[in-house]
Amino acid sequence: MNDCLFCKIVAKEVPAEIVYETGRTLAFRDTNPQAPTHVLVIPKGHYSDAAALADADDGLTDEVLKAAHAVAVMERVSEEGYRVVFNTGAGAGQTVFHVHAHVLGGRALTWPPG
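Just so we're aligned, residue 1 is where the sequence shown starts under this note's numbering, counting upward by one.
The structure is reproduced here in structure tokens:
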């Protein structure tokens, strides 16, 4: 996708603070953090949202979730608790239409969210 910000980050055309990477996933710090730990985990391939990722049905959804957990461990929030959020669609707050998991932690996370 030529105009996709996250595809440009994967291609190293746009800088990001990368914290974790596998063959098919990339994790980087959110530029507008909502918690002390706020990292985005994306598949390197372009999928517009969580539904498209789930439809891929090739184990990539599992890899994204495993990467999210690895980030939580690295960021030292896995023991106290962390949240993984996928916003799917504009009505849910998705603003970049390349699926991404928000890994949030390091503070009390209330329910229901926003």
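No residue lacks a Cβ here, since even glycine has one placed at the ideal position from N, Cα and C.
To the nearest angstrom, how far is the alpha carbon of Tyr20 from that of Leu5?
Locating residue 20 in the sequence shown gives position 20, counting from the first residue. Locating residue 5 in the sequence shown gives position 5, counting from the first residue. Spanning the two alpha carbons is a distance of roughly 18 Å.
Can you tell me which of Val14, Phe97, Thr37 puts its alpha carbon nearest to the alpha carbon of Val73?
Within the sequence shown, residue 73 is the residue found at index 73, counting from 1. For the residues Val14, Phe97, Thr37, the minimum Cα distance to Val73 belongs to Thr37.
Quick check on Phe75: does DSSP put it in helix, strand or coil?
The residue you call residue 75 lines up with position 75 of the sequence shown. Reading the sequence as shown, one finds Glu at residue 75 and not Phe. Correct three-state label for Glu75: coil.
Inter-residue CB distance, His100 and Ile42 (contact presumed, cutoff 8 Å):
Translated into the one-based positions of the sequence shown, residue 100 becomes position 100. Translated into the one-based positions of the sequence shown, residue 42 becomes position 42. Contact flag correct, Cβ pair sits at about 5 Å.
Taking DSSP's pairing of strands, which residues face Asp29 in a bridge?
Here residue 29 refers to the residue found at position 29 of the sequence shown. Rather than Asp, the amino acid found at residue 29 in this sequence is Arg. Answer is Val39, bridged to Arg29.
Compute the distance between the beta-carbons of Thr22 and Glu75, then report whether it is under 8 Å.
Numbered from 1 along the sequence shown, position 22 holds the residue referred to as residue 22. Numbered from 1 along the sequence shown, position 75 holds the residue referred to as residue 75. In this structure, Glu75 does not lie closer than 8 Å to Thr22 by Cβ.
Select from Thr25, Asn32, Val103 the residue whose C-alpha is nearest the C-alpha of Tyr82.
As a position in the sequence shown, residue 82 is number 82, starting the count at 1. Ranking the options by Cα distance to Tyr82, first place goes to Val103.
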